Amino acid sequence: MCLLMLISYAKQELLLMEDELTTIVTVHPEPLDRMKAALVCIRKFLQRQLQFITDHPFKDRQEEASYFKNIKPQFYYHYIFEVALYNLVTGLSCGDDESKRAYYHDELRFAQRTFKEHPFLYQYYRLGGNELDDLYFVRGVAVQSVLIPEVPELDSAFSTSGDYLFAKFKAYEMLQEYIAHELSNVGKANRVTFARPGKGAEPLKWTGDQVNAIELGYGIWLSGQLNKGDASLADIMYWLGQSLDIDLARHTRRFDEIKARKLVSQTRFTDNMRDAIRQHIDNANAFRPNVLRRANRTGSKSDE
Numbered sequence: 000m001c002l003l004m005l006i007s008y009a010k011q012e013l014l015l016m017e018d019e020l021t022t023i024v025t026v027h028p029e030p031l032d033r034m035k036a037a038l039v040c041i042r043k044f045l046q047r048q049l050q051f052i053t054d055h056p057f058k059d060r061q062e063e064a065s066y067f068k069n070i071k072p073q074f075y076y077h078y079i080f081e082v083a084l085y086n087l088v089t090g091l092s093c094g095d096d097e098s099k100r101a102y103y104h105d106e107l108r109f110a111q112r113t114f115k116e117h118p119f120l121y122q123y124y125r126l127g128g129n130e131l132d133d134l135y136f137v138r139g140v141a142v143q144s145v146l147i148p149e150v151p152e153l154d155s156a157f158s159t160s161g162d163y164l165f166a167k168f169k170a171y172e173m174l175q176e177y178i179a180h181e182l183s184n185v186g187k188a189n190r191v192t193f194a195r196p197g198k199g200a201e202p203l204k205w206t207g208d209q210v211n212a213i214e215l216g217y218g219i220w221l222s223g224q225l226n227k228g229d230a231s232l233a234d235i236m237y238w239l240g241q242s243l244d245i246d247l248a249r250h251t252r253r254f255d256e257i258k259a260r261k262l263v264s265q266t267r268f269t270d271n272m273r274d275a276i277r278q279h280i281d282n283a284n285a286f287r288p289n290v291l292r293r294a295n296r297t298g299s300k301s302d303e
């Protein structure tokens, strides 16, 4: 199996799952109903992941380790978070503001204890280590209990010694975000709703070439995407610069470089974006033949 195709498929599935979870939060305001619906949703997508890697075996240990280190925890941490969130919310008593603050501080210390119980693995997680991936993220590899203590019994066909803990680390980091958010709301009449966990944890910053951001800005302006086409080029460039933390003040001069391109496409960046999107769609569709057949049949009927 091609790892890039696996990543593309998993990203699409993760987006679908997170969309469903967002809907569940809206539809099920009661904690128990939310947790039950969320766990059903997450189990469904985990089962689809298991079926996928069963149908498309990994070609080597490196590919397997990459999946269980970087992809599966992105699904499973939602499961751990929803259970932890239910316990947190239902444990809160209807006391005064001071008792609520004390409760949240206690829960924050409890969440932080998870990281202290696994100091080596947590540092490995935080620093992005890879030297021991073959040990922690390949199925069937036995790890001494002193290195991985208190890990629950897991499905050996879909688990490694490390992927559960990586998911737990991410879940409890998110739980800390939630608790900090709730602490900031204590005593306030107008509560601010907590967004789906993990969204926008780090400010986004443009790290590509400046000229690519300028090409994007011209594309938005020329295709009339903002304010029904009435937004000026200067306003769009200022908006992009502020949003992406990049200086686009010299966009006119830099655009002359785009026009002067001879050996490559003048719209190289947007061409690459188009190709990347098409490749992403092709990779995802490669593993959804049944969906495509149903869509084609539906399209054929509607054309008649």
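Under numbering that gives the first Met the number 0, the letters of the sequence shown match residues 0 to 303, in that order. In this text, a Cβ means the ideal position worked out from N, Cα and C, and glycines have one as well. Computed from a predicted model, the values in this text were never measured in an experiment.
Asked, Found
"Rounded to whole angstroms, how far is the Cβ of K99 from the Cβ of L107, which I believe are closer than 8 Å?", "About 13 Å; that fails the 8 Å criterion."
"Would you mind stating whether F57 and L13 have Cβ atoms separated by less than 8 Å?", "no"
"Within 10 angstroms of its Cβ, does T22 collect 16 or more other Cβ (buried), or is it exposed?", "exposed"
"Check whether the Cβ of F51 lies closer than 7 Å to any heavy atom of the ligand SAH, and answer yes or no.", "No copy of the ligand SAH occurs in the structure displayed, which carries no ligand at all."
"Would you mind working out which of L2, K258 and L243 sits nearest F51, comparing C-alpha positions?", "L2"
"Checking 8 Å against the spacing of the C-beta atoms, do I70 and A9 come in under that value?", "yes"
"Would you kindly check if the distance between the Cβ of Y76 and the Cβ of A166 is under 8 Å?", "yes"
"In whole angstroms, give me the CA-to-CA distance for L15 and L239.", "28 Å"
"Apart from the five residues on each side of it in sequence, which residues of its chain come closer than 6 Å, Cβ to Cβ, to K198?", "Low confidence applies to K198: its pLDDT is 47, below 50, so where it sits in the model is not reliable, and the reading given next is rough at best. Excluding residues within five positions, none has a Cβ falling inside 6 Å."
"By Cβ distance, which residues of its chain are closer than 7 Å to S65, with the 5 residues on each side in sequence left out?", "L2"
"My output table needs one value for A170: the three-state DSSP class, helix, strand or coil.", "helix"
"Could you give the C-beta distance for D96 and G186, rounded to a whole number, given that I count them as a contact under 8 Å?", "5 Å"
"Since I257 contacts Q265 with CB under 8 Å, what's their CB separation in whole angstroms?", "6 Å"
"Among T269, Y103 and G228, which residue has its Cα nearest to the Cα of A179?", "Y103"
"Determine contact between the region 125 to 143 and the region 41 to 48, defined as no fewer than three beta-carbon pairs at a distance below 8 Å.", "no"
"Taking the runs of the alpha helix (DSSP H) that are 4 residues or longer, which of them lie wholly in the region 30 to 117?", "30 to 54, 60 to 65, 71 to 89 and 96 to 116"
"So T251 is in the alpha helix (DSSP H); what residue range does that whole segment cover?", "H250 to K258"
"Can you tell me whether A101 is buried or exposed? The criterion is at least 16 other CB atoms within 10 Å of its CB, across all chains shown.", "exposed"
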